[in-house]
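Visitor: Per numbering that gives the first Met the number 0, the sequence shown starts with residue 0, numbered consecutively.
Ideal Cβ positions, reconstructed from N, Cα and C, are used throughout, including at glycine.
Can you keep this structure in mind? I'll have questions shortly.
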Amino acid sequence: MCSVAGGTFLLGAVAIASLKPYYQSVAEVAVGARGMISPSQLSPYADHALDLVALNTQLRIIESPAIALMVTQRLHLADTPEYEQALRPSRLSKLKRRLGLQKAEAPLTHEQHEELVSDLLMQKVVISNDGRSAILGIAARSATPGLAPAIANAYARAYLDFEQQAKIQAARNASVLLEEQIAPLRERAIQAEQAVSRYRQEHNLHLLGDDTGNDPDRKGRIALPATTNDLRLTQMNRELGDAEADLARKQAIYSQAESGGNIETITAITASPLIQSLRLQQARVNARISTLAATALDQNPELIAVRAEAARIDAQIATESRKLLQNLRYEAETAQQRVNALKERTNTLQANATEEEHADIHLRQLVGEATAAQTLYRDYLSRVGQISAETAIQQAEARLITPADQPLGPAGPPKKQYGILLLLTSLGLGMGAALLRDRSRNTLRTLNELEQQTHLFGLGALPRFEGPLRQQLSFRDSLYVRMLNSMRAILTFGNPSIRTKTTVITSAVSSEGKTTLAISLASSVGALGKRALLIDCDAHRPGVLMSLGLKETVDGFIREALPGMDIFVASQSSERGVTNFEALGQFLENHRDDYDQIIIDTPPILSFPEAGVLASFAEGVILAVKWHHTSASAVLEAQRILRTHHAKCLGAVLTFVDIENLRPEESVRIGEYAYYRKLVSAQ
């Protein structure tokens, strides 16, 4: 756990320490709300859906790549070290190119380089809104303190310039539309005036009264004797001019509504008292829907009824608007019929006129056409000017209310928070690794595990100790001796099936403490005043004498190596590495009656299978199993070999047990844990 947690924390600490500081600066822009719905006396509970749509539209405009590209070009970010270094190829890419694993890319153009820089810039700029106001925050982040406010302010200026250009473009579009519609009308008026002038000069006609422009009602009228037919024609031409102007105006209104598809923008429809009354009812119903939607569910009967009422009002508004549009069409048709009728009457008067009146009539007709063309021309000028003004009013407005200032210190990274998170993560990984290792182990740690997985009787457990074995055995009250005496009592006074006189001590693999166990059991028997014989049959690595610090003898027999214990090294009576089984059997037969207990120490059974043959010389076998080291599969394999030699396995002993690291459930069979800890601490 410490290794994983410490390694993770060390690597994370290095990574956190290597993080470069960055600076952040914020500029605030107030977005205009002319196109947004706001509460009023007529609609105190106005729906704010259009507010959010307009605000989100402006937010998307600032976040657009076009604004980022404008900022990149204005600040020349492609030439700054921060962005230039970020676009350089990585070391891995360079290595791949050198090894031929990756083809070299074509050099970027200046425009492509600026586009890549603008894409990188968009990742370092955050546009936010609190949802309660029309103020947008522009937060820019940079590695240098001076560049962060420059980027934020440049974003704000680019957005304001973009809005200004949008207004200019709208005005230009209106101007183009004006020219497209006005140019033919202006040409028509000029041609009509020229025709009047030519005709007057050809017939030597003069103007009546004032021709200086001070008498606009009489300007352009011909100075001829005022006959009855003249007066009627003059009146008829005046009516015809007014009728044609009225027809042109009504046709323009109807054509605009029919081609634009937006009936609600026509003044003649929106000014209707019925439409205004329905709009007021619609606003009240929408306010009621907003109130109920915030407090009731969609299935609320009252909410359903109010929504049905709103749908009915919308349908009624649409129906009334269509009726008003139909009335406009009828008015235009009526005006056309009136113009046709006036023209017919004018033609009738012309047919009844005398030869002398033809010139006056024709001139008056020309003047009427010129007057109608001028009236229509002025009407279109007025209407296009009104549309242009409305277009300018509908454009969104914005202003910079808080410019970005240079930050006093770095805004991040938050190394302290990262450090706390790293510490918690490291501890979690360490604990997880420790638990995973503990769960994935297949070694034996408790007598319960030993019995459940190998089906061997757990004779006991011997703790790990420091110092020579002879010194440890001399401490009669030590934990090791107490637990050793407990195992010896089981073998001596326990179930008759495990009482043996000749016992083999072996293990599955090497370094499991079998020699120490054999010496300890023989010493424990001798400590009771009985005679014990320990035979070292490990011809490959004899270790009994070495464990007790004794030297070899000529005959391999050492008497009273420990009180009541003799030692015989069987490997000295045969070739090294080869056990003389016949001599060993004869030796046991000759000395069986001389000792109360004979213990045979053999080599590891999985490493040297002859241990199974040695087990056949004894009445029982005890396996030494190293705590937290030997796997259950190794013990089971050792049992299989012993069964092939018909050896009787008495049980197993856990060796090298670390008392300090035992869990409570592991110490149940070992004894009273707290008491043992006191004994270990007292040594």
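Could you check whether the stretch 586-605 touches the stretch 469-479, counting it as contact only if at least three pairs of C-beta atoms, one from each stretch, sit closer than 8 Å?
Guide: no
Visitor: Determine which residues share a DSSP beta bridge with S141 and list them.
Guide: Beta-bridge pairing links S141 to Y22.
Visitor: Count the other CB atoms, across all protein chains shown, that sit within 10 Å of the CB of K249; report buried if there are 16 or more and exposed otherwise.
Guide: Flag for K249 reads buried.
Visitor: To the nearest angstrom, how far is the alpha carbon of K414 from that of L135?
Guide: Straight-line Cα distance between these residues: approximately 29 Å.
Visitor: Could you round the C-beta distance between S425 and G11 to whole angstroms and report it? I think they count as a contact, below 8 Å.
Guide: 7 Å
Visitor: With a cut-off of 8 Å on the beta carbons, I'd call A309 and I288 a contact; round off their distance for me.
Guide: That pair is a contact at about 6 Å.
Visitor: Go to I534, then tell me how far its alpha helix (DSSP H) extends in each direction, as first and last residue.
Guide: Counting along the chain, I534 falls outside any alpha helix (DSSP H), though it belongs to the beta strand (DSSP E) covering 531-535.
Visitor: For a test of the three-state rule: what should DSSP assign to E448, helix, strand or coil?
Guide: In the structure shown, E448 sits in a helix (DSSP, three-state: H, G or I).
Visitor: Report yes if the CB atom of S546 is closer than 8 Å to the CB atom of L653, and no otherwise.
Guide: The answer is no: Cβ separation not under 8 Å.
Visitor: In angstroms, rounded to a whole number, what distance separates the CA positions of R676 and Q596?
Guide: Because R676 carries a pLDDT of 39, less than 50, the predicted location of this residue cannot be relied on, and the following value inherits that uncertainty. So the two alpha carbons sit approximately 32 Å from each other.
Visitor: If you run the structure through DSSP and keep just helix, strand and coil, what is F567?
Guide: strand
Visitor: Quickly, what does DSSP pair L135 with across the bridge? List them, please.
Guide: V28
Visitor: Opposite K625 in the DSSP bridges: which residues?
Guide: T654
Visitor: Between the stretch 105-122 and the stretch 56-74, are three or more C-beta pairs nearer than 8 Å?
Guide: Contact annotation: the stretch 105-122 touches the stretch 56-74, with at least three C-beta pairs closer than 8 Å.
Visitor: Whose C-alpha, out of H628, L549, T294, A4, is nearest the C-alpha of A507?
Guide: Checked all of H628, L549, T294, A4; the closest Cα to A507 is H628.
Visitor: For S680, which residues of its own chain have a beta-carbon under 7 Å away from its beta-carbon, when the five flanking residues on both sides are left out?
Guide: Because S680 carries a pLDDT of 37, less than 50, the predicted location of this residue cannot be relied on, and the following value inherits that uncertainty. The answer is none, since no qualifying residue turns up.
Visitor: Quick one: what does DSSP say I604 is sitting in, helix, strand or coil?
Guide: coil
Visitor: Is A157 closer than 8 Å to A403 when the C-beta atoms are compared?
Guide: no
Visitor: DSSP state of Q501, grouped into three classes?
Guide: The sequence given here places Thr at residue 501; Gln does not occur at that position. Residue state, collapsed to three classes: strand.
Visitor: By the three-class DSSP mapping on this structure, what secondary structure does A460 have?
Guide: strand
Visitor: Which same chain residues, not among the five before or five after A633, have their C-beta less than 7 Å away from its C-beta?
Guide: A507, V508, L605
Visitor: Compute the Euclidean distance between the alpha carbons of A646 and A610, then round it to the nearest angstrom.
Guide: 10 Å
Visitor: For L206, which three-state DSSP category applies?
Guide: The predicted model places L206 with a pLDDT of 49, which falls under 50 and marks its position as unreliable, so this point remains unresolved.
Visitor: Pair every Cβ in the stretch 362-375 with every Cβ in the stretch 277-292, then say whether three or more of these pairs are closer than 8 Å.
Guide: No, they do not touch.
Visitor: Looking only at DSSP bridge pairs, what is S619 linked to?
Guide: The sequence as given places Gly at residue 619; Ser does not occur at that position. Answer by DSSP bridge pairing, in chain order: T502.
Visitor: Measure the CB-CB distance between C536 and T578 and report whether it falls below 8 Å.
Guide: Yes, these two residues count as a Cβ contact at 8 Å.
Visitor: So the candidates are S522, A155, L146; which of them puts its Cα closest to the Cα of P406?
Guide: L146
Visitor: In terms of residue numbering, what span does the beta strand (DSSP E) encompassing L399 cover?
Guide: Annotation: the continuous beta strand (DSSP E) that includes L399 extends over 397-401.
Visitor: Which class does S630 belong to by DSSP, given the choice of helix, strand or coil?
Guide: strand
Visitor: Of the choices A433, P603, E343, whose alpha-carbon is the least far from that of V503?
Guide: P603
Visitor: Relative to the alpha-carbon of M121, which residue among I61, K102, L422 has its alpha-carbon at the smallest distance?
Guide: I61
Visitor: Once DSSP output is grouped into helix, strand and coil, what is the label at A560?
Guide: strand
Visitor: If you pair each beta-carbon of the stretch 522-537 with each one of the stretch 553-573, do three or more pairs fall below 8 Å?
Guide: yes
Visitor: Give me the Cα-Cα distance between A317 and A295, rounded to the nearest whole angstrom.
Guide: 29 Å
Visitor: So for L649, helix, strand or coil by DSSP?
Guide: strand
Visitor: In the DSSP assignment, what are the bridge partners of G411?
Guide: Y21.
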